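Going by numbering that gives the first Met the number 0, 4 is the number at position 5 of the sequence shown; the sequence numbering is gapless.
Each residue gets a CB set at the ideal place from its N, CA and C atoms; glycine is no exception.
Every value quoted in this text rests on a predicted model; they were computed, and no experiment measured them.
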Amino acid sequence: MSDISRIRSIVPMFGGATNYVDTLDAIIDTVRRTHPDTDALVSWHREYFSRVSSRESILRRIRYLDTIEILTQRDGRWY
Numbered sequence: 000m001s002d003i004s005r006i007r008s009i010v011p012m013f014g015g016a017t018n019y020v021d022t023l024d025a026i027i028d029t030v031r032r033t034h035p036d037t038d039a040l041v042s043w044h045r046e047y048f049s050r051v052s053s054r055e056s057i058l059r060r061i062r063y064l065d066t067i068e069i070l071t072q073r074d075g076r077w078y
């Protein structure tokens with residue numbers, strides 16, 4: 000995959016472009032500490048990002064992080 004294709008495939012994270020790394024760090028830290036199930040991870044997003052409520056929007060980001068192998072799901076838990 001070319002660099003241009005990779006850039007185009009990036010899914011925006013909550014918190015805006017200037018907080019992309021901070022958002023990823025927060026998600027990774029939470030998952031690493033708690034190994035949440037999907038419902039708990041969705042709830043965490045809603046608490047952490049007060050303007051976010053759409054489950055599908057949250058799941059789209061979670062699936063993206065799974066696709067690029069930042070997160071992985073095993074036995075119903077995220078790692």
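_On the CB-based measure, 16 or more other CB atoms within 10 Å of its CB, does residue 61 come out buried or exposed?_
buried
*Ordered along the chain, which non-local residues of its own chain (more than five positions away) have a Cβ less than 8 Å from that of residue 39?*
33, listed in sequence order.
*Outcome for residue 26 when other beta-carbon atoms lying within 10 angstroms are tallied against a minimum of 16*: buried
_Which of the three DSSP states is assigned to residue 76 in this structure?_
Three-state DSSP puts residue 76 in a strand.
*With burial defined as no fewer than 16 other Cβ atoms inside 10 Å of the residue's Cβ, what is the status of residue 10: buried or exposed?*
exposed
*Determine the extent of the alpha helix (DSSP H) in which residue 41 is found, giving its start and end residues.*
37-47
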